């Protein structure tokens, strides 16, 4: 019995030590990358940030820093790709949006997005104020407040407090509903990624998934497209202005 407890303590200690070492190693690598960036050694910074992402998984902050390094190094398409990935994880970050816009200004293709109905635009703007995690947390907190408001409404002896509980409950319930919808939508965008960035210097978009198809238009490096479907080595893509066509999958990188 004592031996079993002793082994459990050793395993627990080793696990904590390994976790602490992993955090320390990541922090050290981040500092090295920041130092390389500050010294204008952008290639080294890119290498370190890529390794951090490979070892520790997706992070809006690391994608953002990697995008900055690529931008400074002249890799506009890679910068846009990583800014877009950062924005998926943290859509409310103004710095990411600003830098993404700056990088897009250096691309050849100037795509004018189709106009949106103002209510749809408002809805999207509100949804993009937070990430999937932040909306989920808000939903949980609002649900707890909703439970509290119900207790206040049913068990308070004072009419005024009952009214407070009633109206607070309505507000909290609405927040719970919309927070969960927003969290689900944000999570879906992260899991089901259908947008991509063109990485070839130039690519001719075809009318069909075949090299002999009619030429429709030409896209350049850094342009964002939306993948509608795939057929073999070809992807059917749509631009923000509504134009549709086919292009080889090797010419794009999924965000």
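Residue numbers (this note's numbering): 8 to 262. Note that the Cβ used here is the ideal one computed from N, Cα and C, for glycine as well. Quick caveat: nothing in here was measured; it's all calculated off a predicted structure.
Counting C-beta pairs closer than 8 Å gives fewer than three between the segment 80-88 and the segment 181-188, which falls short of the contact rule. Under the three-state reduction of DSSP, residue 203 is assigned to strand. Rounded to the nearest angstrom, the gap between the Cα atoms of residue 256 and residue 238 is 9 Å.
By the 16-neighbour rule on beta-carbons within 10 angstroms, residue 230 is buried. Look at residue 36 here: in three-state DSSP terms it is helix. For residue 146, the enclosing alpha helix (DSSP H) begins and ends at 139-162.
Linking residue 50 to residue 112 through their CA atoms gives a straight-line distance of about 22 Å.
One Cα belongs to residue 262, the other to residue 70, and the distance between them is close to 11 Å. Rounded to the nearest whole angstrom, the C-alpha separation of residue 143 and residue 150 is 11 Å. The beta carbon of residue 180 sits closer than 7 Å to the beta carbons of 153 from its chain, once the five residues preceding and following it are set aside; these are given in chain order.
Cβ atoms of residue 91 and residue 73 stay farther apart than 8 Å, at about 12 Å. Where residue 53 is concerned, the enclosing alpha helix (DSSP H) starts and stops at 49-63. One thing to note: residue 197 has its Cβ no nearer than 8 Å to the Cβ of residue 94. Considering only 128, 235, 135 and 242, the residue with the shortest C-alpha distance to residue 218 is 242.
Between residue 118 and residue 246, the C-beta gap is smaller than 8 Å, which places the two residues in contact. Taking the C-beta atoms as reference points, residue 68 is found no nearer than 8 Å to residue 55.
Of the residues assessed, residue 127 falls on the exposed side of the cut-off, its CB having fewer than 16 other CB atoms within 10 angstroms. Measuring C-alpha to C-alpha distances from residue 233 to each of 132, 203, 174 and 220 identifies 203 as the nearest. Secondary structure of residue 112 (DSSP, three-state): coil.
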